[in-house]
Amino acid sequence: MSDALIGPPVAPPELRPLGQSAPSAPYSGQEIIALKSWAIAQSTAQRKWNAEALLSLGLGAGLAGREIINLTVADIRSDDCGVVVAVRGERPRQVPVLREWERALIVGMRPEGGSWLFHENRESANRNLITDFVSRSTGKIQLQTRRMHSTWIVQHLEAGTPLVPLMRAAGLASPEALVRFLRFVREPNERGSRNALRDAAAEPR
Numbered sequence: 001m002s003d004a005l006i007g008p009p010v011a012p013p014e015l016r017p018l019g020q021s022a023p024s025a026p027y028s029g030q031e032i033i034a035l036k037s038w039a040i041a042q043s044t045a046q047r048k049w050n051a052e053a054l055l056s057l058g059l060g061a062g063l064a065g066r067e068i069i070n071l072t073v074a075d076i077r078s079d080d081c082g083v084v085v086a087v088r089g090e091r092p093r094q095v096p097v098l099r100e101w102e103r104a105l106i107v108g109m110r111p112e113g114g115s116w117l118f119h120e121n122r123e124s125a126n127r128n129l130i131t132d133f134v135s136r137s138t139g140k141i142q143l144q145t146r147r148m149h150s151t152w153i154v155q156h157l158e159a160g161t162p163l164v165p166l167m168r169a170a171g172l173a174s175p176e177a178l179v180r181f182l183r184f185v186r187e188p189n190e191r192g193s194r195n196a197l198r199d200a201a202a203e204p205r
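First residue of the sequence shown: 1, per full-length UniProt numbering; consecutive thereafter.
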């Protein structure tokens, strides 16, 4: 009688842990090509550089929108090992930039180190700065800093970047946050997997 009234048992909904929202999908190779073409097509040299810097900081360093907006020229450092971004704020850290995205940031390293890096001629760190820049740009694209961040994370996971340096560069306190991105990581072929597991070595402690 009770089953007829309340119906069959229903499995409880699967709850996602707090603070573990689903990540945005990374950009595909074709989408990244389209983003590069968009940057090149900007109407002035300054807008072109800003577009390239935006891609370099998002796809090349995985920075969040607020972190990009708050950067100054003095936060970019270049040496024999490449380009490093000094991120300030809630998650202060040093982020090495992927090699293919270094050029625009090197070009933007001006002597007046105190000025803003992205969209330098502004008075404050407007939270909608990136959205406004993209909406007024030449060509229509779907540019999201969350997707650029996912692309950066997934690229490092697929490349086999060591876990601890990746966590530090991403501003993560634990590796659990990276588990969310595994759904986007392509499986290596069997031979590559076996060779990696077979040849793993570390310096003696």
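We put the CB at the ideal spot given by N, CA and C, even for glycine.
- Remark: C-beta atoms of HIS119 and LEU105 do not approach each other more closely than 8 Å.
- In this chain, the beta strand (DSSP E) harbouring VAL83 covers 82–87.
- Judged by their CB atoms, SER28 and ARG146 are not nearer to each other than the 8 Å cut-off.
- Spanning the alpha carbons of ASP80 and LEU98 requires a straight line of approximately 14 Å.
- Secondary structure of SER37 (DSSP, three-state): helix.
- Setting aside the 5 residues that flank it on each side, SER43 is surrounded in the same chain by THR138, each with a C-beta closer than 6 Å to its C-beta; the list follows chain order.
- DSSP places PRO165 in the helix class (H, G or I) of the three-state scheme.
- With a beta-carbon spacing of about 7 Å, ILE68 and GLY58 fall inside the 8 Å limit used to define contacts.
- In the structure shown, ARG186 adopts coil according to DSSP, grouped into three states.
- With respect to ALA169, ARG93 sits close: the two C-beta atoms are nearer than 8 Å.
- Secondary structure at GLN94: strand, using DSSP grouped into helix, strand and coil.
- Residue pairing by DSSP places THR72 opposite TRP116 in a beta bridge.
- Cα atoms of GLY89 and ARG103: separation of roughly 25 Å, rounded to the nearest angstrom.
- The criterion of a C-beta distance shorter than 8 Å is not satisfied by LEU117 and VAL83.
- Here LEU143 is buried: its Cβ has 16 or more other Cβ atoms, across all protein chains shown, within 10 Å.
- By the criterion of a C-beta distance shorter than 7 Å, SER115 is surrounded in its chain by THR72, VAL73, once the five residues flanking it on both sides are discounted.
- In the structure shown, the three-state DSSP call for ARG77 is strand.
- Counting C-beta pairs closer than 8 Å gives fewer than three between the region 45–56 and the region 149–166, which falls short of the contact rule.
- If you draw a straight line from the Cα of ALA202 to the Cα of ARG136, it comes to about 51 Å.
- Around the beta-carbon of ALA196, fewer than 16 other beta-carbon atoms lie within 10 Å, marking it exposed.
- ASN121 counts as exposed, since fewer than 16 other beta carbons sit within 10 angstroms of its beta carbon.
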